[in-house]
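No gaps in the numbering here: position 68 of the sequence shown is 121 in our numbering, and each next residue is one more. From the three backbone atoms N, C-alpha and C, an ideal C-beta is built for every residue, glycine too.
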Amino acid sequence: MLAEKQAAKAQAALAKLQKALVKEAVIPDVIPDNLDFKPAFELAVKFPSGKKAALGKELPATACLSAPTVTWPAQPDTYYTVMMVDPDAPSREKPTMGEWRHWVVANIPGTDVDKGEDLTLYEEPQPPQGTGLHRYVFLLYKQKSKLDLAVFEGKRGSWNAHRWAKQKGMTLEGANFFQCQEK
54 MLAEKQAAKA
64 QAALAKLQKA
74 LVKEAVIPDV
84 IPDNLDFKPA
94 FELAVKFPSG
104 KKAALGKELP
114 ATACLSAPTV
124 TWPAQPDTYY
134 TVMMVDPDAP
144 SREKPTMGEW
154 RHWVVANIPG
164 TDVDKGEDLT
174 LYEEPQPPQG
184 TGLHRYVFLL
194 YKQKSKLDLA
204 VFEGKRGSWN
214 AHRWAKQKGM
224 TLEGANFFQC
234 QEK
């Protein structure tokens with residue numbers, strides 16, 4: 054009986070995540086709707102300030118100055134990639150530079166992000182004043198194996214996380230996001 058209640062609670066949480074992703078148009082703006090993504094779990098994202106990314110909750114940019122701790126129920130002997138992107142660069146109305154690549158860590162063994170390879174060093178949210186809310190989306194991809202990857206060089210804008218992950222043979226496993234604006 055307890056296991057059934059826990060399973061029902063977990064399913065409700067995943068349905069809530071799915072609904073938030075659709076409501077704020079993370080699906081389809083970042084996660085293609087033809088992917089038919091059903092999250093396996095919600096990524097737990099906590100910044101050193103103590104603030105958490107939680108299904109589109111608005112956070113102040115000052116709470117997100119340093120890379121967060123990201124956790125998930127990892128499978129043993131599996132490699133993962135974590136990304137943070139802003140599809141709303143420079144604004145949600147005119148996202149001509151979205152997706153902005155804020156952070157990419159690949160070849161993460163299990164959940165030990167510190168042992169992964171930084172392909173893009175963390176860049177804190179810096180939404181331009183007057184551009185409204187920006188969505189900052191965390192994506193977790195499962196890798197088929199450890200990958201031979203190069204550090205990204207050059208511009209961070211006009212990137213596509215899903216296209217890059219698909220080229221590398223990765224599978225989307227989890228997501229979360231928060232919103233931020235400069236008032």
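>> Contact between the stretch 214-221 and the stretch 167-174 is defined here as three or more beta-carbon pairs at a separation below 8 angstroms; is this criterion met?
In response: no
> In whole angstroms, what is the alpha-carbon distance linking P101 and E177?
Replying inline: 12 angstroms
>> Cutting at 6 angstroms between CB atoms, please list the residues of its own chain near L74, excluding the five before and the five after it.
In response: I80
> For the beta strand (DSSP E) that contains I161, what are its first and last residues?
Replying inline: 153-162
>> For M150 and P180, what's the separation of their Cα atoms in angstroms?
In response: 12 angstroms
> From this set, W125, P113, K208, which residue's C-alpha is nearest R188's C-alpha?
Replying inline: P113
> For C233, which residues does DSSP report across the bridge?
Replying inline: H187
>> Which residues does DSSP list as the beta-bridge partners of T115?
In response: Beta-bridge pairing links T115 to no other residue.
>> Below 8 angstroms on the Cβ atoms is my contact criterion, and I expect L259 with W125 to pass it. Report the Cβ-Cβ distance as a whole number of Å.
In response: Residue 259 falls outside the range modelled here, since the chain spans only 54 to 236, and no answer is possible.
> Excluding five sequence neighbours on each side, which residues of the same chain lie with their C-beta closer than 8 angstroms to the C-beta of A66?
Replying inline: Shown here for A66: same chain residues with a beta carbon closer than 8 angstroms to its own, the five before and five after excluded, namely E95 in chain order.
> Expressed to the nearest angstrom, what Euclidean distance is found between the alpha-carbon atoms of K104 and A120?
Replying inline: Between K104 and A120, the C-alpha separation is close to 12 angstroms.
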